[in-house]
């Protein structure tokens with residue numbers, strides 16, 4: 088059985104899609120909630136990633152709502168490049 092993977096680009100693309108933006112417009116340290124990402128969208132991402140076999144904690148993502156913060160939470164579960 089292969090280990091589920093999630094890349095930094097995957098995260099940026101999925102967040103950008105929910106915000107109606109392009110991944111290149113999302114700074115690593117910008118608060119995603121202040122950019123318009125709500126708790127329901129965060130839960131959508133959590134559920135999507137869990138279905139892919141990636142363990143992710145909703146509370147941890149909400150506590151650090153930036154792409155950089157999320158990536159730091161997801162790295163242990165990911166084989167993608169940093």
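Numbering (my numbering), first residue to last: 88 to 169.
Using N, Cα and C, we set each Cβ at its ideal position, and we do this for glycine too.
Reference residue i, options the options, closest by Cα
i           : options               : result
residue 110 : 149, 130, 154 and 128 : 154
residue 126 : 94, 96, 99 and 151    : 151
residue 142 : 95, 160, 101 and 122  : 160
residue 132 : 120, 145, 123 and 121 : 145
Length of the line joining the Cα atoms of residue i and residue j
i           : j           : result
residue 106 : residue 117 : 13 angstroms
residue 114 : residue 134 : 24 angstroms
residue 104 : residue 162 : 21 angstroms
residue 157 : residue 138 : 17 angstroms
residue 94  : residue 108 : 18 angstroms
Neighbourhood of residue i by C-beta, 6 angstroms cutoff - its chain only, sequence neighbours within 5 removed
i          : result
residue 97 : none
Cutoff 7 angstroms; reference residue i; Cβ partners in own chain excluding five residues on either side
i           : result
residue 99  : 110, 113 and 154
residue 122 : 106
Residue i (DSSP reduced to helix, strand or coil)
i           : result
residue 97  : helix
residue 142 : coil
residue 137 : helix
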